[in-house]
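Numbering (my numbering), first residue to last: 241 to 758.
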């Protein structure tokens, strides 16, 4: 009886994942056009992309416990509704601050929707099909990432950057209708099912505050002004203080959000760390590659999205087949292999230059797309540690790793890019008036906009210097990313034990022992 319903139950959940991923890549493809439309610093441009996953990460832990209490279906419908309204408002922003605020609201919607969708996926699947279902969900994120640059890029080219943000609305509408009509109704668990647990609101708040503080410090590094230095110090103080308070609180509270018996397992913390680093790589790559392809190579938004297509298609294919790869080679080998191949892709892209050959870009993107094996396998490995009655909370922690990874990826790559760009570009600004020099220094988009106001010889020289400075930061960030993937591959291969499928072991039994440890 359940098997025929499985595709129908998964469909709106997959559409939800697709819509969330599409919303993230739409922001990346719209960024160059936004930088040419609004006066914006490098830090502000970073926040346009970063604010959505950051807000999601800050709220998703609360959302996980809410879902365990009111039922994931209600939480999912609420999240999709908030998300849709926020996407609509984003296109009406009249300045960079307003756009950042509306993008933050999309983070609220995704925070409510994502853990509920993943928990429901576990609920409607059983046995060996569960790993396949998680792989399908991971592949739909890649599909959304594909649709973002293609659909958003086409809308942007035809109607301007507001249309890029609106392009996600039909997908959100379909997801909302599908969840309301196709997924089984959920009920809030009883007190016995929750084993008497109460919400760890303090733990969730401290975790969110720590993440926000540390990320704010990292983004502030991209601002060379004194205000940026103050932001770094303030963010570090708040983030580290909240982190220390979180550690102390989780050790004392009776029902911690981060259950010690689960968090300490290699089958949880290592997959979660791997997921974080992979999402960091993806977020950073999309952030810098969109600017590289449009502002350096000279592609349109649509063409830039098409160049990213091989990577995202490969991501979709390998994520869908990740379960079969795990059965054939084992989870550690399949994961490590995907990380090494992705590192090769990043290295190729780092050396592509200002006028890359199209075949080189395609090969680099195909290698990079193999990275899609890792999120599917690591998500299944981590969340399966939780018993069914706490799976929305487990999914939320998994979602935090994903959202923080994306946010920190934009921040890390963006900071490396901004700092290197400023250092390499400064000599070219020596002969400019101070006001023009300050404006041009903010980002490559600002530099190209400043160059347009100059006479032809000076304009050409300034634009060339800006592109060369950008390329130095672009290559450096991707080279560091490739090295990080190699190190992660070695760690996964050496430290991660084999992960059995659901048909081989029941994680709920093993998780029970640590579920309520004080």
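Using N, Cα and C, we set each Cβ at its ideal position, and we do this for glycine too.
With a Cβ-Cβ cutoff of 8 Å, do residue 686 and residue 275 count as a contact? yes
In angstroms with no decimal places, state the Cα-to-Cα distance between residue 403 and residue 492. 50 Å
Leaving out the 5 sequence neighbours to the left and right, which residues in its chain are closer than 7 Å to residue 257 when beta-carbon positions are compared? 357, 377, 380, 381, 384
Three-state class that DSSP yields for residue 499 in the structure shown: coil
Please tell me whether residue 263 and residue 408 are closer than 8 Å, where the distance is taken between their beta carbons. yes
By the DSSP assignment, the alpha helix (DSSP H) with residue 456 in it spans what residues? 441-460
Check for me: the alpha helix (DSSP H) holding residue 534 runs from which residue to which? No alpha helix (DSSP H) contains residue 534, which DSSP labels as neither H nor E.
If you drop the 5 nearest sequence neighbours on each side, which residues of the same chain put their C-beta closer than 6 Å to that of residue 541? 269, 393, 396, 397
Do residue 507 and residue 621 have their beta-carbon atoms positioned less than 8 Å apart in this structure? yes
On the CB-based measure, 16 or more other CB atoms within 10 Å of its CB, does residue 595 come out buried or exposed? exposed
Note down, in chain order, each residue of its chain lying with its Cβ closer than 7 Å to the Cβ of residue 473, except the 5 sequence neighbours on either side. none
Between residue 386 and residue 665, what straight-line distance do the alpha-carbon atoms span, to the nearest angstrom? 33 Å
Taking residue 361 as the reference, give the member of 509, 446, 634 with the closest Cα. 634
Tell me which residue opens and which closes the alpha helix (DSSP H) that residue 716 is part of. 696-735
Which two residues bound the contiguous alpha helix (DSSP H) that contains residue 388? Residue 388 -> no alpha helix (DSSP H), and no H or E assigned at all.
Between the alpha carbons of residue 248 and residue 425, how many angstroms are there, rounded? 14 Å
Under 8 Å between the Cβ atoms of residue 316 and residue 353? yes
Nearest candidate by alpha-carbon position, reference residue 449, set 485, 514, 323: 485
Can you name, in chain order, every residue of its own chain whose Cβ lies under 8 Å from the Cβ of residue 715, other than the five neighbours on each side? 590, 591
Measuring straight from C-alpha to C-alpha, what distance separates residue 266 and residue 648? 18 Å
Assuming residue 605 and residue 533 are in contact, meaning their beta carbons sit under 8 Å apart, how far apart are those beta carbons, in whole angstroms? 11 Å between Cβ atoms; not a contact.
Any idea if residue 284 is buried or exposed, counting beta-carbon neighbours within 10 angstroms, 16 or more meaning buried? buried
7 Å CB neighbourhood of residue 496 in its chain, flanking five on each side removed: 440, 443, 490
Note down the Cα distance separating residue 292 from residue 335, rounded to an integer number of angstroms. 17 Å
Contact between the region 341-351 and the region 296-305 is defined here as three or more beta-carbon pairs at a separation below 8 Å; is this criterion met? yes
Run the CB neighbour count on residue 550, radius 10 Å, all protein chains shown included, and call it buried at 16 or more, exposed below. buried
Can you look up residue 671 in the DSSP assignment and give me helix, strand or coil? coil
Residue 281, buried or exposed, once every other Cβ within 10 Å from all chains shown has been counted against 16: buried
Secondary structure of residue 303, DSSP reduced to three states: helix
Would you report the Cα separation of residue 414 and residue 390, rounded to the nearest angstrom? 19 Å
In whole angstroms, give me the CA-to-CA distance for residue 726 and residue 638. 22 Å
Supposed close pair residue 771, residue 375 - CB separation, criterion 8 Å: This structure cannot settle anything about residue 771, because the visible part of the chain is limited to 241 through 758.
Cβ-based burial, residue 587 [other Cβ within 10 Å; buried from 16]: buried
Exposed or buried, which one is residue 661 when buried takes at least 16 other CB atoms within 10 Å? buried
Assumed close pair residue 610, residue 581 - CB separation to whole angstroms, cut-off 8 Å: 4 Å
C-beta contact flag for residue 646 and residue 522 at 8 Å: yes
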